[in-house]
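Take the sequence shown: its position 205, counting from 1, is numbered 204 in numbering that gives the first Met the number 0, and each next residue is one higher.
Written out below as structure tokens is the structure these notes cover.
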Amino acid sequence: MKKNIALTTTILLLILIACKGKAEKQEETTEIETTIKAETYAPAKIIPIEHATAIIEWNNTTIYIDPVGGKDAFKGRQSPDIIFITDIHGDHFNANTLNELNLEGVQIITPEAVKSQMDQALALKTDTMVNGEVKELANFSVEAIPMYNLREEAKDFHLKGRGNGYLFTFGDERIYFSGDTEDIPEMRALNNIDKAFVCMNLPYTMTVESAANAVLEFKPNQVYPYHYRGRPDVSDVEKFKNLVNQGNPRIEVVQLDWYPNEAY
0 MKKNIALTTT ILLLILIACK GKAEKQEETT EIETTIKAET YAPAKIIPIE
50 HATAIIEWNN TTIYIDPVGG KDAFKGRQSP DIIFITDIHG DHFNANTLNE
100 LNLEGVQIIT PEAVKSQMDQ ALALKTDTMV NGEVKELANF SVEAIPMYNL
150 REEAKDFHLK GRGNGYLFTF GDERIYFSGD TEDIPEMRAL NNIDKAFVCM
200 NLPYTMTVES AANAVLEFKP NQVYPYHYRG RPDVSDVEKF KNLVNQGNPR
250 IEVVQLDWYP NEAY
């Protein structure tokens, strides 16, 4: 009888231990699932300002891309936490605009060619990136992608190594801004791009056909034509959309208003 009681007690203890272990494992699993859910972010919000100038809002961080147009262009918008500039030309880098913005605590990231044209006060706030470099920032990463011309008649507009396109990784989302470029091999080699902002203005960057052909090769989930006002003509973004959709209907072409003060 005593043996039976001892055996029963042992079995009950083993059951209790097993149940406790199972409960603890369930708690650990719940904790891991909660952590994973906590790290799921909403997609970045892209706000077009004009031509090459844009704002990215993501996870309480506000990023300005190529801010030009003076402070009035950003009236009613969040002040920047970080500013990225792609190249030296006036539609990308404007020192007067930067000096009109509230730059307290703001980090500026540019190619060396841009920083070398800044006054001392701006230069002290500025870090540089070279083509191929990756920076890990507070809550996202960015890679400097080459941007340059291929056509002989346009090679002097954008020399290889001078400017940067930028590839941002926000959580699981990858967003590419081309800057001023043609359909270079480095663009065509991109992969797993969620949103691609691709320029197309002559004579400075590339044709609509070249832009569409490059997009069909690197296959972003969405492509946003931007920077398409040229001299003297404005690129045909509707033709670009048709070329992309004919080649790959799974790529969504999204048209934002990059020229709010113009009829196109």
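From the three backbone atoms N, C-alpha and C, an ideal C-beta is built for every residue, glycine too.
Small disclaimer: the values here were computed from a predicted structure and weren't measured.
Determine the DSSP secondary structure at residue i, reduced to helix, strand or coil.
i           : result
residue 209 : helix
residue 139 : coil
residue 116 : coil
residue 188 : coil
residue 126 : strand
residue 51  : coil
residue 214 : helix
residue 255 : coil
residue 167 : strand
residue 96  : helix
residue 195 : strand
residue 245 : helix
residue 152 : helix
residue 67  : coil
Taking all protein chains shown into account, do 16 or more other C-beta atoms lie within 10 angstroms of the C-beta of residue i, making it buried, or fewer, making it exposed?
i           : result
residue 103 : exposed
residue 39  : exposed
residue 133 : exposed
residue 264 : This structure cannot settle anything about residue 264, because the visible part of the chain is limited to 0 through 263.
residue 265 : No information on residue 265 is available, as it lies outside the stretch 0 to 263 that the chain covers here.
residue 113 : buried
residue 219 : buried
residue 260 : exposed
residue 129 : exposed
residue 93  : buried
residue 208 : exposed
Can you round the beta-carbon distance between residue i and residue j to whole angstroms, since I take them to be within the 8 Å contact cut?
i           : j           : result
residue 175 : residue 195 : 5 Å
residue 84  : residue 91  : 6 Å
residue 215 : residue 236 : In fact, because the Cβ distance is near 16 Å, the residues do not count as touching under 8 Å.
residue 239 : residue 210 : 6 Å
residue 99  : residue 75  : Residue 99 to residue 75, Cβ: 15 Å. No contact.
residue 121 : residue 97  : 6 Å
residue 206 : residue 180 : Actually they do not touch by this definition, with Cβ atoms about 12 Å apart.
Using the Cα positions of residue i and residue j, report the straight-line distance between them to the nearest angstrom.
i           : j           : result
residue 166 : residue 63  : 14 Å
residue 230 : residue 202 : 7 Å
residue 172 : residue 251 : 16 Å
residue 66  : residue 262 : 22 Å
residue 224 : residue 140 : 23 Å
residue 61  : residue 55  : 6 Å
residue 34  : residue 170 : Here residue 34 scores only 45 on pLDDT, less than 50, and its place in the model should not be relied on; the value that follows carries that caveat. Distance between the alpha carbons of residue 34 and residue 170 is about 14 Å.
residue 31  : residue 45  : Note that residue 31 has pLDDT 46, beneath the 50 cutoff, so the model's placement of it is unreliable and no number is given.
residue 257 : residue 233 : 12 Å
residue 57  : residue 149 : 34 Å
residue 154 : residue 190 : 26 Å
residue 164 : residue 144 : 5 Å
residue 246 : residue 126 : 40 Å
residue 138 : residue 198 : 27 Å
residue 48  : residue 108 : 19 Å
residue 185 : residue 159 : 11 Å
residue 136 : residue 142 : 11 Å
residue 241 : residue 119 : 47 Å
residue 89  : residue 71  : 17 Å
residue 51  : residue 73  : 14 Å
In chain order, what residues of the same chain lie with their CB nearer than 6 Å to the CB of residue i, ignoring the 5 residues before and after it?
i           : result
residue 162 : 85, 86, 110, 146, 178
residue 106 : 81
residue 101 : 78
residue 253 : 221, 223
residue 192 : 173, 175, 219
residue 277 : No answer is possible for residue 277: the residues shown for the chain start at 0 and end at 263.
Going along the chain, which residues of its own chain have a beta-carbon closer than 7 Å to the beta-carbon of residue i, five neighbours each way excluded?
i           : result
residue 117 : 94, 125
residue 200 : 226, 227, 228, 229, 234
residue 168 : 139, 140
residue 131 : 143
residue 151 : none
Can you find the residues in the same chain that come closer than 8 Å, C-beta to C-beta, to residue i, ignoring five residues on each side of it along the sequence?
i           : result
residue 217 : 186, 187, 188, 189, 190, 192, 195
residue 248 : none
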